[in-house]
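A.B. asks: First residue of the sequence shown? That's 1 in the UniProt record's numbering, and the numbers climb one at a time after it.
Dropping a structure here in structure tokens format, bear with me for questions.
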Amino acid sequence: MSRNQLLPRDPSPPPEGPVDDSGCPILHVDMDAFFASVELLDHPELRGTPVIVGAAGARGVVLSATYEARRFGVHSAMPMTRARRVCPQATVIPPSHGKYSEVSRGVMEIFKAITPEVEPIASDEAFLDVGGARRRLGSPAAIARMIRTQVAEQYGITCSVGVASTKFVAKLASRQCKPDGLLVVPAGKVVEFLHPLPVAALWGVGERTEQALVRLGIRTVGDLAQVPVATLRRELGVAGTHLAALAWGRDERRVVPHAPDKSIGNEETFPHDVDDPETIRRELLRLSERVAARLRAAGHVGRTVSVKLRRSDFTTITRSRTLREATDVAKEIYDTSCELYEAAGLERVRLRLVGVRVENLGPAAAATRQLGLGERETGWREAEQAMDRAARRFGPDAVKPASLVRRPFGPIGP
1 MSRNQLLPRD PSPPPEGPVD DSGCPILHVD MDAFFASVEL LDHPELRGTP VIVGAAGARG
61 VVLSATYEAR RFGVHSAMPM TRARRVCPQA TVIPPSHGKY SEVSRGVMEI FKAITPEVEP
121 IASDEAFLDV GGARRRLGSP AAIARMIRTQ VAEQYGITCS VGVASTKFVA KLASRQCKPD
181 GLLVVPAGKV VEFLHPLPVA ALWGVGERTE QALVRLGIRT VGDLAQVPVA TLRRELGVAG
241 THLAALAWGR DERRVVPHAP DKSIGNEETF PHDVDDPETI RRELLRLSER VAARLRAAGH
301 VGRTVSVKLR RSDFTTITRS RTLREATDVA KEIYDTSCEL YEAAGLERVR LRLVGVRVEN
361 LGPAAAATRQ LGLGERETGW REAEQAMDRA ARRFGPDAVK PASLVRRPFG PIGP
């Protein structure tokens, strides 16, 4: 059995009604069977059946498997020959890493639109600190529900979210509620949540450490919590001190974003497929406004503008253009986005999603604008900075372009 299967899952649904998430700013978001779920977008006829993603050769290993395959014991990193023996009826699909990277980038953008405090730990999971987003978006549990909805609506896959006071407990919670679940562990009930779990659930407990603990009669986290720290340190070295802290839910690690933004973008999935060019241009304007505001808030400018256009059959087309000078002005981003949309030849094609992104970022403070002979400053940047100030004082909808005042579709995201 995979060690990932050691953690029991309570099959009962989460309790209805309010839950105490007041001390739980940390979210761990984990896509469910990520590679396999992305493949099912292209193979909907395989939904509900065992599917394995991986190289089919004798030396191949399992990269991902649907939950229908996992019921037979298939798990990630299992040799493919063994996976085929335990689940011979499974359909094996070779991996398409380009598709996974595209969906991963989009999912991470959903996270970054909520909070800059995002720490990716794999292509399909990340920690978020949403403490600074509460006033704008609501409670951590409400934000977790928003993320689950956006991921499902924009990418057609599901994710599980753990909400807790620490990274360690949030990660355990997301695993506990898989697949397609949401679990809040209130700050005051961490010990109650942790102590019944098998000791293998603790970070740092590999197979050899687990064997050593079992020899000491330690089988659950609660058992370990009752052992003196000195005894654990004597048996396990410095790891003993670490495990003792985890057994009581103590984890001081903060959410740390790994790297500065390489690009900033936003996407929108329409409630129904759209083929009206004016509606699509209006959406490109709204997205350009959001991207430009995020650029200015982060102190960035960017030189490359790209658009994403997803057709009703999930075929995705991207087009990009590098500008003469870097920008954080929504009008320049919008004008370029419209030109890219028109050049794509999709003006009467039904679209389910559009996106705008700015890449090749640099610090705004270091950017200079060279005016051509006879060219005058437009004043757009100053006008949009004034809009930023109004939005901070009166709310994000205080000032907007006239064409966005009456919008045909309500926003899926913030």
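Quick reminder that beta carbons are idealized off the backbone N, C-alpha and C, glycines included.
1) Taking 8 Å as the threshold (C-beta atoms), are L63 and G74 in contact?
2) I'd like the span of the beta strand (DSSP E) that includes R319, first residue to last.
3) For a test of the three-state rule: what should DSSP assign to H195, helix, strand or coil?
4) Could you name the residues that DSSP lists as bridge partners for T304?
5) Under 8 Å between the Cβ atoms of V29 and A126?
6) Given this structure, state the Cα-to-Cα distance separating G149 from G237, to the nearest angstrom.
7) Taking the Cβ atom as the reference point for each residue, do V214 and L284 lie within a distance shorter than 8 Å?
8) Who are the Cβ neighbours of V19 in its own chain at under 8 Å, not counting the five residues just before and after it?
9) Does the contact criterion of 3 or more C-beta pairs under 8 Å hold for the segment 307-316 versus the segment 344-351?
10) According to DSSP, is H75 part of a helix, a strand, or is it coil?
11) Mind checking who H28 pairs with in its DSSP beta bridge?
12) Please classify V191: is it buried, with 16 or more other beta-carbons within 10 angstroms of its beta-carbon, or exposed?
13) So, for E289: in the same chain, excluding its five sequence neighbours on each side, which residues have a beta-carbon less than 6 Å away from its beta-carbon?
14) Identify the continuous beta strand (DSSP E) that holds residue 469 and give its terminal residues.
15) On the three-state DSSP scale, how would you describe G188?
16) What are the boundary residues of the alpha helix (DSSP H) that includes I93?
17) Name the one or two DSSP bridge partners that A122 has.
18) Does the ligand ADP have a heavy atom nearer than 7 Å to the CB of V229?
19) DSSP three-state call for A65: helix, strand or coil?
20) Does the beta-carbon distance from R319 to L340 come in below 8 Å?
21) Rounded to a whole number of angstroms, what is the C-alpha to C-alpha distance between Y334 and T327?
22) Round the Cβ separation of S221 and C24 to the nearest angstrom and send it over; I've been treating them as touching at under 8 Å.
23) Whose C-alpha, out of N360, I218, V255 and T269, is nearest the C-alpha of A244?
24) Is it right to say residue 421 is buried, meaning 16 or more other beta carbons lie within 10 angstroms of its own, or is it exposed?
25) Just to confirm, are T115 and A144 a CB contact at a threshold of 8 Å?
26) For R253, which residues in the same chain have their Cβ closer than 7 Å to its Cβ, ignoring the five residues on either side in sequence?
27) On the criterion of 16 or more Cβ atoms from any shown chain inside 10 Å, does T322 qualify as buried, or is it exposed?
C.D. replies: Looking at the atomic coordinates:
1) It is worth fixing the name first, because residue 74 is Val in this sequence and not Gly. Against a cut-off of 8 Å, the Cβ pair of L63 and V74 comes out as no contact.
2) Where R319 is concerned, the enclosing beta strand (DSSP E) stretches over T316 to T327.
3) Assigned with DSSP and collapsed to three states, H195 falls in coil, not helix or strand.
4) Paired residue(s): T322 and E359.
5) In this structure, V29 sits near A126, with a CB-CB distance shorter than 8 Å.
6) In the sequence as presented, Gly is not what sits at residue 149; that position holds Thr. Computed Cα separation, rounded: 44 Å.
7) Result no, Cβ atoms of V214 and L284 do not sit closer than 8 Å.
8) For V19, where only same-chain residues beyond five positions count, the Cβ hits under 8 Å are A141, V184 and P186.
9) Contact between the segment 307-316 and the segment 344-351 is present, because at least three Cβ pairs lie under 8 Å.
10) Three-state result, H75: coil.
11) Answer is F127 and G162.
12) Result: exposed.
13) If we look at E289 and ignore the five residues flanking it on each side, its Cβ neighbours are A330.
14) Residue 469 cannot be examined here, being either before or after the span of the chain that is shown, 1 to 414.
15) In this structure, G188 counts as helix in the three-state DSSP scheme.
16) No alpha helix (DSSP H) contains I93, which is instead part of the beta strand (DSSP E) from T91 to I93.
17) Secondary-structure assignment with DSSP links A122 through a beta bridge to E125.
18) Summarising the ligand content, the structure contains no ligands, and the ligand ADP is consequently not present.
19) A65 falls in the strand class under three-state DSSP.
20) Yes; because the gap between Cβ atoms is below 8 Å, this pair is in contact.
21) Y334 and T327 have their C-alpha atoms spaced approximately 11 Å apart.
22) Per the sequence shown, residue 221 should be read as Val rather than Ser. V221 to C24, Cβ: 19 Å. No contact.
23) With distances taken between Cα atoms, A244 lies closest to I218.
24) No answer is possible for residue 421: it lies beyond the span of the chain, which begins at 1 and ends at 414.
25) No. Outside cutoff.
26) Within the same chain, R253 has close Cβ partners K167.
27) Classification for T322: exposed.
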